[in-house]
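Read in this note's numbering, the sequence shown has 677 at position 107, and its numbers run on one by one without any break.
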Amino acid sequence: MVIARGDVCWVDLGPIVDRGPAKHRPVVIVQSDDYTRSRLGTVVVAAISSSTARAGIPGNVFVPTSASGLPKDSVVIATEVLTLDRDHIGEPIGRLPTPLMRGIDSGLRRVLSL
Numbered sequence: 571m572v573i574a575r576g577d578v579c580w581v582d583l584g585p586i587v588d589r590g591p592a593k594h595r596p597v598v599i600v601q602s603d604d605y606t607r608s609r610l611g612t613v614v615v616a617a618i619s620s621s622t623a624r625a626g627i628p629g630n631v632f633v634p635t636s637a638s639g640l641p642k643d644s645v646v647i648a649t650e651v652l653t654l655d656r657d658h659i660g661e662p663i664g665r666l667p668t669p670l671m672r673g674i675d676s677g678l679r680r681v682l683s684l
């Protein structure tokens with residue numbers, strides 16, 4: 571499977587992590603394409619939530635349905651960045667446009683103090 575930065579994919583986080591976002595949920599690939607194309611067995615993602623009330627939290631980015639391929643308007647949660655085994659990531663269902671990825675980049679810089 572080929573994935574790229576900005577792809578929206580489903581993952582099952584239940585057995586992978588014991589804290590943080592649980593359940594089958596969407597994520598966006600935030601890792602550089604140089605790394606996603608490499609042999610590296612892990613992928614850095616940011617969790618996506620359908621709880622749009624979280625869009626007002628600094629660093630988070632509102633994502634409309636039309637931009638994501640998801641069934642509901644959603645929010646990328648900048649504080650929920652995970653490194654997952656590549657095998658746990660499902661096929662891409664959409665790809666976020668560049669302006670939204672710029673917003674996510676800005677949110678990650680804010681959260682990580684970069």
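For glycine and all other residues, C-beta sits at the position ideal for the given N, C-alpha and C.
Residue burial is scored here from C-beta neighbours: I627 has fewer than 16 other C-beta atoms within 10 angstroms and is therefore classed as exposed. By the neighbour-count definition (other C-beta atoms within 10 Å, threshold 16), E661 is an exposed residue. Inclusion of I674 and V598 in the CB contact set at 9 Å is warranted, their separation being smaller than that value.
Boundaries cannot be given for D643, as no beta strand (DSSP E) includes it and DSSP labels it neither H nor E. For S676, the enclosing alpha helix (DSSP H) has its first and last residue at T668 to L682. Non-local C-beta neighbours of M671 in its own chain, meaning closer than 6 Å and more than five positions away in sequence, comprise G576, ordered along the chain.
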